[in-house]
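Single-structure report; data block below.
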Amino acid sequence: MLSLDNSVDASLDLGSRSDVQTCTDWKAPIIWDGMFDPDLYDKTHQSEGSSVALTVFAVGRYLDAYLLTFLNSSEHHFMLGLPVTYYVFTDTPEKVPDIKLGPQRSIKVIKVKRHSRWQDVSMMRMKTIADAIESDIRHHCTHVFCFDVDQVFTGRFGSEALGDSVALLHAHYYHLPERLFTYDRNPKSKAYMESGDFYYHAAVFGGSWNSVKALTESCYQSIMEDKENDVEALWHDESHLNKYMWLQKPSRVLSPEYCWDTSIGDRNDIRVTRLLWATKHYDTLRTD
Ligand code: UDP
Ligand code: MN
0 MLSLDNSVDA SLDLGSRSDV QTCTDWKAPI IWDGMFDPDL YDKTHQSEGS SVALTVFAVG
60 RYLDAYLLTF LNSSEHHFML GLPVTYYVFT DTPEKVPDIK LGPQRSIKVI KVKRHSRWQD
120 VSMMRMKTIA DAIESDIRHH CTHVFCFDVD QVFTGRFGSE ALGDSVALLH AHYYHLPERL
180 FTYDRNPKSK AYMESGDFYY HAAVFGGSWN SVKALTESCY QSIMEDKEND VEALWHDESH
240 LNKYMWLQKP SRVLSPEYCW DTSIGDRNDI RVTRLLWATK HYDTLRTD
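In case it helps, numbering that gives the first Met the number 0 puts the sequence shown at residues 0 to 287.
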């Protein structure tokens, strides 16, 4: 599969930002506002025939709390100009709101079982995504982006975010030194790591369908091995994602513009917010 990472990037670059890190040690671009020409990215991806699957889970109370706002905001900001298929995974398909979709955009609702522990709902997404890519997504879409539902799009989240393997810098950690990253530090877990490159946020990850399939399958296997050994990684699927992305470096990294938490306050380097954390009501969401 053709990817826009590295080779074509140079020609799509507008310039650079001197106030932030725009490239990783392994030469993957870190995408910040002002670094790219959005129209050129869109045209290039359109001519290459890129199409995007967006996966999102709305299980239990998360459906009523977040799904409508997530989907409506996505219709205004996510990959406009490219074909997009939403894959909504829920235990209550009948409750998925009927929203008006733009041209070349469609929605597939897939029923999933509700795990009783929220940690399992979150972790088992890896298996469900891998299965959906194998049975459906790979026949229809070139790329896959996986999102938490408790978020709202507020600005362009466009084709500049597409790449072979895409990870997101966690808004709470991108300014912090590595020793403060909350990697899993338990040697008994498959997610254990002593050092790493960045602390990535599992609320957003993506890539070509085959890269995302490899990632989700690998994380699921590690999660299941941990279960057999009676351990659970500190931050569940996020710990496993961080371990995977350390061993298999992402080809593209998104700045925290792509998933910002307004409670952090204003930062000079955040010139635009593209996706925001929604308010979390864990007290009511995570009880039965
Ligand atoms: N989720 C869900 N129902 C649940 C728990 C989780 O649908 O009972 C999904 C939902 O998409 C959610 C994601 O799993 O956004 C991750 O969980 P959460 O957002 O609570 O994790 P956090 O953002 O706190 O890491
Ligand atoms: Mn979340």
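Glycine included, each C-beta is placed from N, C-alpha and C at the ideal position.
| Item | Value |
| --- | --- |
| Nearest-angstrom Cα separation, counted from K42 out to Y281 | 41 Å |
| Those runs of the alpha helix (DSSP H) which lie wholly inside the region 188 to 265 and span at least 4 residues | 208 to 227, 235 to 246 |
| L175 versus Y199, L161, A166, residue with shortest Cα-Cα distance | Y199 |
| The region 124 to 142 contacting the region 48 to 65, beta-carbon criterion three pairs below 8 Å | yes |
| Three-way DSSP call (helix, strand, coil) for W276 in this model | strand |
| Around ligand 2, Cβ to any heavy atom closer than 6 Å, ordered along the chain | D147, D149, A202 |
| Validate contact between the region 141 to 156 and the region 67 to 84 using beta carbons, cut 8 Å, 3 pairs | yes |
| Spatial distance of F197 from A131 (CA atoms) | 28 Å |
| Close-in-space but distant-in-sequence residues of the same chain around C140 (CB under 7 Å, 5 per side omitted) | S50, V51, A52, T84, W208 |
| Check whether V120 and K107 have beta carbons under 9 Å apart | no |
| 7 Å Cβ shell around H235 - same chain, five flanking residues per side excluded | Q118, S121, M122 |
| Given Y172 as reference, the closest of K248, D38, N241, L81 once Cα atoms are compared | N241 |
| Collapsed DSSP secondary structure at V165 in the structure displayed | strand |
| Host alpha helix (DSSP H) of K99 (start-end) | Looking at the DSSP string, K99 is not in any alpha helix (DSSP H), and its letter there is neither H nor E. |
| Status (buried if at least 16 other CB within 10 Å, exposed otherwise) for P92 | exposed |
| Same chain only: Cβ atoms within 7 Å of T127, ignoring 5 sequence neighbours per side | F88, V111 |
| Distance between V148 and I109 (C-alpha atoms, nearest Å) | 15 Å |
| Per-residue DSSP class, three states only, for R104 | strand |
| Ranges of the beta strand (DSSP E) found wholly within the region 9 to 68, counting only runs of at least 3 | 51 to 56 |
| Inter-residue CB distance, H142 and L161 (contact presumed, cutoff 8 Å) | 5 Å |
| Heavy atom of ligand 4 within 8 Å of V151 beta-carbon | The model on display carries ligand 1 and ligand 2 but not ligand 4. |
| DSSP-derived helix/strand/coil call for H142 | strand |
| Three-state secondary structure assigned by DSSP to K126 | helix |
| K279 beta carbon near ligand 1 (any heavy atom closer than 8 Å) | yes |
| Buried or exposed by the 16-neighbour rule on C-beta atoms within 10 Å, applied to E256 | buried |
| Exposure label - D38; buried when at least 16 CB within 10 Å | exposed |
| Alpha-carbon to alpha-carbon, A277 and W25 | 33 Å |
| Anticipated Cβ contact below 8 Å, M34 with S15, distance rounded | 6 Å |
| Closer than 8 Å: R178 CB and nearest ligand 1 heavy atom | no |
| Proximity of E288 and M125 at Cβ, strictly below 9 Å | The structure shown does not extend to residue 288, since the chain spans only 0 to 287, so no value can be given for it. |
| Beta carbon of D90 nearer than 9 Å to that of R113 | yes |
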